[in-house]
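Engineer: Okay, here's the structure, questions in a sec.
In the UniProt record's numbering, the protein residues as written are 1 to 126.
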């Protein structure tokens with residue numbers, strides 16, 4: 001039986017990335033480290049898994065196979081304001097994509113993650 005979705009973020013500065021998730025995004029965590037390793041595992045709440053086809057993007061390029069992380073929010077503007085007050089920086093957004101409104105937040109030492117206010121029915125509450 002599958003119990004949860006465990007997402008990994010690979011970082012060039014793991015301490016800064018962990019501090020961002022803990023101190024800016026406010027994610028509760030457990031220390032799963034052993035020895036010299038500082039392994040914080042964060043609770044991110046309910047999850048969904050979406051499968052999107054590779055293919056044409058809005059800008060005419062083709063999307064490669066990849067993984068992306070999106071955090072679903074109920075009010076993107078309020079969330080962005082709250083995170084900015086805690087020092088977060090955004091690389092884009094808010095942008096209306098029809099299916100929802102998105103913004104990309106910079107994660108120190110790692111790839112940006114998407115904040116996403118969907119307009120469609122969500123699956124995480126099923």
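Glycine included, every Cβ here is placed at the ideal spot set by N, Cα and C.
Relative to the alpha-carbon of residue 127, which residue among 97, 87 and 4 has its alpha-carbon at the smallest distance?
Structural biologist: Residue 127 lies beyond the range of the chain shown here (1 to 126); nothing can be said about it.
Engineer: Which of the three DSSP states, helix, strand or coil, is assigned to residue 95?
Structural biologist: Mapped onto the chain shown, residue 95 falls at position 95. In the three-state DSSP reduction, residue 95 falls in the strand class (E or B).
Engineer: Contact between the segment 10 to 17 and the segment 42 to 54: three or more CB pairs below 8 Å?
Structural biologist: no
Engineer: Between residue 118 and residue 99, what straight-line distance do the alpha-carbon atoms span, to the nearest angstrom?
Structural biologist: Taking the chain shown and counting its residues from 1, the one referred to as residue 118 is at position 118. Taking the chain shown and counting its residues from 1, the one referred to as residue 99 is at position 99. Those two C-alpha atoms are separated by around 6 Å.
Engineer: In this structure, how does DSSP classify residue 28 when only helix, strand and coil are distinguished?
Structural biologist: By 1-based counting over the chain shown, the position of residue 28 is 28. Note: residue 28 maps to coil in three-state DSSP.
Engineer: Just the C-alpha distance for residue 79 and residue 22, rounded to the nearest angstrom, thanks.
Structural biologist: To locate residue 79, count along the chain shown from 1; it is residue 79. To locate residue 22, count along the chain shown from 1; it is residue 22. The alpha-carbon atoms of residue 79 and residue 22 are separated by roughly 16 Å.
Engineer: Please identify the residue among 89, 114, 15 and 45 whose C-alpha is closest to the C-alpha of residue 70.
Structural biologist: The count along the chain shown starts at 1 and reaches residue 70 at position 70. When each option's Cα is compared against that of residue 70, the closest is 114.
Engineer: Kindly indicate which residue of 45, 66 and 16 has the alpha-carbon position closest to the one of residue 4.
Structural biologist: By one-based count along the chain shown, residue 4 stands at place 4. Cα-wise, what sits closest to residue 4 is 45.
Engineer: Quick one: what's got a C-beta closer than 6 Å to residue 86's C-beta in the same chain, skipping five residues either side?
Structural biologist: Here the question's residue 86 lines up with position 86 in the chain shown. Excluding residues within five positions, the ones whose Cβ falls inside 6 Å are 24.
Engineer: Contact defined as beta carbons within less than 8 Å: I believe residue 83 pairs with residue 105. What is the distance between those atoms, to the nearest angstrom?
Structural biologist: Walking along the chain shown from the start, residue 83 turns up at place 83. Walking along the chain shown from the start, residue 105 turns up at place 105. Their Cβ separation, rounded to whole angstroms, is 6 Å, which keeps residue 83 and residue 105 in contact under 8 Å.
Engineer: Could you give the distance in angstroms between the alpha-carbon of residue 30 and the alpha-carbon of residue 42?
Structural biologist: Within the chain shown, the letter at position 30 stands for residue 30. Within the chain shown, the letter at position 42 stands for residue 42. Distance between the alpha carbons of residue 30 and residue 42: 7 Å.
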